[in-house]
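Under the numbering used here, the sequence shown is numbered contiguously, ending at residue 196. Notes follow once the structure below has been shown.
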Amino acid sequence: MRPARASLTSVIGLAFAAACASVSALAQEPRGETWRGREIIKEIGGTVVSCRDSYGLNVHAVLVSDLGDVGRARNLYKTPVIMMDPSHLIRLPGKLQLFFFGHECAHHVLGHTYVLRPGVETEADCWAAKDGRDRGLFTRDDVQSWAPWFAQSRGSTVSGHLPGPERARFILQCFDDSTDTAASTTVTQQR
Ligand SMILES: [Zn+2]
């Protein structure tokens, strides 16, 4: 059975350039990494989202088309940024959209954008699963229901993502693992 589509209920984009005046003089951003002037992600699936990195800095979350993936976490000119592709997001159920936001946020929370090392993708998955659980954002049933979406992805030895079915199992395992809670850093808050 094909799961129902969910709509992306995010996006309030306004005069973002003003907030970024300090970096406006800088040119030559790498292609596909431009985030200034993009629509800001305020909420996902009806849940207000925010993210702070390992230094407590506010992470800017913006929509970027043609990202090549559902989301990316980067430090651009010393500003922590989450970029999410609306065309990928809109195909996913709201809770899974939230999970992917949590995954990208986890890269900032856990300092992955500063030090690249093996295992960051599974770490981010696990953190996002526990964070969503601890905040009551999704239930075990929600996590289980994501399996068909993960089933389609093959994984990658380059990015470190597990093959889909394995990744879905791993995320559920993290959700079930109560020995550890996610970080104390605020990622999401429900209205
Ligand atoms: Zn990742």
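Don't be surprised by glycine CBs; every beta carbon is placed ideally from N, CA and C.
Asked: Is it buried or exposed, Gly137, if we count other Cβ atoms within 10 angstroms and call 16 or more buried?; Found: buried
Asked: Rounded to whole angstroms, what's the CA-CA distance from Gly51 to Thr162? Just pull it up for me.; Found: 34 Å
Asked: Assuming Gly76 is part of the beta strand (DSSP E), what are its boundary residues?; Found: 76-81
Asked: Buried or exposed for Gln178, please, with buried defined as at least 16 other CB atoms from any protein chain shown within 10 angstroms of its CB.; Found: exposed
Asked: Buried or exposed: where does Asp95 fall if 16 or more other Cβ atoms within 10 Å of its Cβ makes it buried?; Found: The amino acid at residue 95 is misidentified as Asp; the sequence shows Ile. Exposed, since its Cβ has fewer than 16 Cβ neighbours within 10 Å.
Asked: Looking at the unbroken alpha helix (DSSP H) that takes in Val114, where does it start and where does it end?; Found: 99-114
Asked: With a cut-off of 8 Å, do at least 3 Cβ pairs link the region 64-74 to the region 121-137?; Found: no
Asked: Jot down the residue ranges of each uninterrupted alpha helix (DSSP H) in the region 129-162, minimum 4 residues, whole runs only, in chain order.; Found: 145-150, 152-156
Asked: Please report how far the alpha carbon of Val69 lies from the alpha carbon of Pro85, in whole angstroms.; Found: 15 Å
Asked: For Gly107, does the count of other Cβ atoms within 10 angstroms reach 16, so buried, or fall short, so exposed?; Found: buried
Asked: To the nearest angstrom, report how far apart Thr175 and Ser183 are at their CA atoms.; Found: First, the residue type needs correcting, since residue 175 is Phe and not Thr in the sequence shown. If I take the Cα positions, the gap works out to 14 Å.
Asked: Span of the alpha helix (DSSP H) holding Ile176?; Found: 169-181
Asked: Do you know whose CA, among His113, Arg122, Ile87, lies nearest Val67's CA?; Found: Ile87
Asked: Of all residues in the structure, which have a C-beta closer than 6 Å to any heavy atom of ligand 1, taken in chain order?; Found: His108, His112, Glu126, Ala129
Asked: Using the three-state DSSP reduction, which class does His166 fall into: helix, strand or coil?; Found: coil
Asked: How should Val54 be labelled, buried or exposed, when 16 other C-beta atoms within 10 angstroms of its C-beta is the threshold for buried?; Found: buried
Asked: Identify the residues that DSSP records as bridge partners of Pro85: which are they?; Found: Asn80
Asked: Confirm, please, whether the CB-CB distance from Ile49 to Leu103 is below 7 Å.; Found: yes
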